[in-house]
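Have a look at the structure below, then the notes.
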Amino acid sequence: MTTSTADRILRAARSLFERDGADAVSMRRVAEAVGITPMAIYRHFQNREALLRRISDDSFHEIAHHWSARSQGQDVIARLMAVNRIYLDYALAHPHLFDHAFSSKRNEARRFPEDFRDRRSLTLNVVADAVADAMDAGALRRDDVWDVAMTLWAHTHGLISLYRAGRFSYDEAAFRTFYDASLGRLLDGLRC
């Protein structure tokens, strides 16, 4: 089975992105990696921003898929913990993609609350569904599902950002322990 040129372009661009960040993804560098001319990329992607957007969209699909797969068939609180552990795993395994997807200002980024309430976020949809299930099961007190989902996301994102910025003296294992305990404390405060 042969790989399409668009797939080869995406694979090369993502490799550059993962290794060196969004600034490393230039049409020239991608073309060199694929063995085509920079102009040939424009047959598949309108511009650099479209290529970066596709990489981000693919990463959102990837994390949402992992979240959905891991958030099934468990105790509702265990599901919420699992979803947030996946977020941490993703942030540490793919720091450049994580930053671009969740920490960089982008024109096409979804905005709270309207985009999220309209279920335009593949990732936060999974969290909101787990929150709703936890409320329906009586494990969390009734509240606005989207506000609680955003609160959980803001908490975990903040911890990850602080850790990656060197604000913790913990090694990764100790940080993961703290992260779980901190999330547990937050969920305890939301319980019935």
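Going by full-length UniProt numbering, the residue at position 183 of the sequence shown is 183; the numbering climbs one at a time, nothing skipped. Glycine included, every Cβ here is placed at the ideal spot set by N, Cα and C. Treat the numbers as computed from the prediction; the structure is a model and nothing was measured.
Beta-carbon separation (whole angstroms), residue 145 vs residue 132, contact threshold 8 angstroms: On the sequence shown, position 145 is the one that residue 145 refers to. On the sequence shown, position 132 is the one that residue 132 refers to. Going by Cβ atoms, the distance from residue 145 to residue 132 rounds to 5 angstroms, so yes, they are a contact pair.
Within 9 angstroms, strictly: CB atoms of residue 187 and residue 140: Stepping through the sequence shown from its first residue, residue 187 is reached at position 187. Stepping through the sequence shown from its first residue, residue 140 is reached at position 140. A contact, by the Cβ cut-off of 9 angstroms.
Length-filtered (3 minimum) beta strand (DSSP E) runs lying within the stretch 17-87: Counting only runs of 3 or more, we get nothing.
Residue 137 versus residue 75: straight-line alpha-carbon distance, rounded: Here residue 137 refers to the residue found at position 137 when the sequence shown is read from its first residue. Here residue 75 refers to the residue found at position 75 when the sequence shown is read from its first residue. Taking the Cα positions, residue 137 is about 10 angstroms away from residue 75.
Cβ distance (whole Å) where residue 130 is taken to contact residue 83 below 8 angstroms: Here residue 130 corresponds to residue number 130 of the sequence shown, with the count starting at 1. Here residue 83 corresponds to residue number 83 of the sequence shown, with the count starting at 1. Indeed, because the Cβ distance is near 6 angstroms, the residues count as touching under 8 angstroms.
Residue-level contact to chain C via CB, residue 86, 9 angstroms cutoff: Among the chains of the structure shown, chain C does not appear; only one protein chain is present.
Backbone CA spacing between residue 47 and residue 111 [nearest angstrom]: One-based indexing of the sequence shown puts residue 47 at position 47. One-based indexing of the sequence shown puts residue 111 at position 111. For the pair residue 47 and residue 111, the Cα-to-Cα distance works out to about 24 angstroms.
Residue 79 classed as buried or exposed, judged by whether at least 16 other C-beta atoms fall within 10 angstroms: To locate residue 79, count along the sequence shown from 1; it is residue 79. Label assigned to residue 79: buried.
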